[in-house]
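Below is one structure, written out as structure tokens; the observations come after it.
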Amino acid sequence: MAPDPGLRVGVLAIQGGFEAHLAILRELGAEASEVRVPAEFEDLDGLVIPGGESTTIAKGIESAGLEDAIRAHHEGGRPVFGTCAGLIVCDDAHLGLLDLTAKRNAFGRQLQSFEADLAVEGIGDEPLRAVFIRAPWIDRYGSGVEVLASYDGHPAAVREGSVLACAFHPELTDDSRLHALFMAMTTRARSDAREGAGT
Ligand code: GLN
1129 MAPDPGLRVG VLAIQGGFEA HLAILRELGA EASEVRVPAE FEDLDGLVIP GGESTTIAKG
1189 IESAGLEDAI RAHHEGGRPV FGTCAGLIVC DDAHLGLLDL TAKRNAFGRQ LQSFEADLAV
1249 EGIGDEPLRA VFIRAPWIDR YGSGVEVLAS YDGHPAAVRE GSVLACAFHP ELTDDSRLHA
1309 LFMAMTTRAR SDAREGAGT
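In this text, residue positions in the sequence shown follow our numbering: the first is 1129, and each later residue adds one.
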């Protein structure tokens, strides 16, 4: 599905790699913006929670009073894409948008960061180069969680309903297929919502 040209995607800009996400989303045709305060979430079609430090991002969400805005976004069926620390922030110990438990800094303990070619469901046959930086792995996940890619026996990319998440940094390569998948989810959610509203 071609991305809708007017798709409004917010990137949570408390800390971490939000700028690279903005650049990719804009390249794919989204109206992408930094979001930091609750009012900026109101008109969003999709939300990206980037990588960085999950403790800092979680504290920032709390101190800026963003939890309700993120929950309302999610409950409205509007997609969320959490990457690396963003995946941790979506887990059951934080916002609980995903029925899974992330374990911080678990992948590549000795190496801290590494790259791997991953087969990812839903983006075509060509493997995706994934950059892991002190990446979390998924310790436990519920039956509603679809595993799209794994590395070393642990899920590295997952989807549960309208939430897409990955343990690596898809914004650090020039392969934008995961962002395109998120844009397609967002386009579909927006058109479903419009049909539901009779517009
Ligand atoms: N290790 C970081 C954390 O626990 C996540 C790393 C990342 O986002 N690259 O928050």
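Using N, Cα and C, we set each Cβ at its ideal position, and we do this for glycine too.
A direct Cα-to-Cα measurement between residue 1245 and residue 1267 gives close to 21 Å. Residue ranges of uninterrupted beta strand (DSSP E) with 3 or more members, entirely inside the stretch 1258 to 1320 and ordered along the chain, are 1265 to 1269, 1274 to 1279, 1282 to 1288, 1291 to 1294.
Here the residues close to the ligand GLN, judged by CB distance below 5 Å to any of its heavy atoms, are 1179, 1181, 1182, 1212, 1213, 1232, 1233, 1261, 1262 in chain order. Its chain contains 1250, 1251, 1292 as the residues whose beta carbon lies nearer than 8 Å to that of residue 1309, once the 5 sequence neighbours on both sides are disregarded; these appear in chain order. Collapsing the DSSP output to three states places residue 1196 in a helix. CA-CA distance, residue 1145 to residue 1322, rounds to 32 Å. Within its own chain, the residues whose Cβ lies closer than 6 Å to the Cβ of residue 1269, once the five positions on either side in sequence are excluded, are 1228, listed in chain order. Look at residue 1235 here: in three-state DSSP terms it is coil, with no helix or strand label. Between the beta-carbon of residue 1259 and that of residue 1300 there is about 5 Å, and that keeps the pair under the 8 Å contact cut. Annotation for residue 1231: 1264, 1265, 1266, 1267 place their beta carbon closer than 8 Å to its own, counting only its chain and skipping 5 residues before and after. Spatial neighbours of residue 1158 in its own chain (CB-CB distance under 6 Å, excluding positions within 5 residues in sequence) are listed in chain order as 1135, 1137. Distance check between residue 1162 and each of 1224, 1274, 1140 places 1140 closest, using alpha-carbon atoms only.
Looking from the CA of residue 1239, the closest CA among 1261, 1279, 1312, 1167 belongs to 1261. Put simply, the backbone Cα of residue 1311 is about 10 Å away from that of residue 1208.
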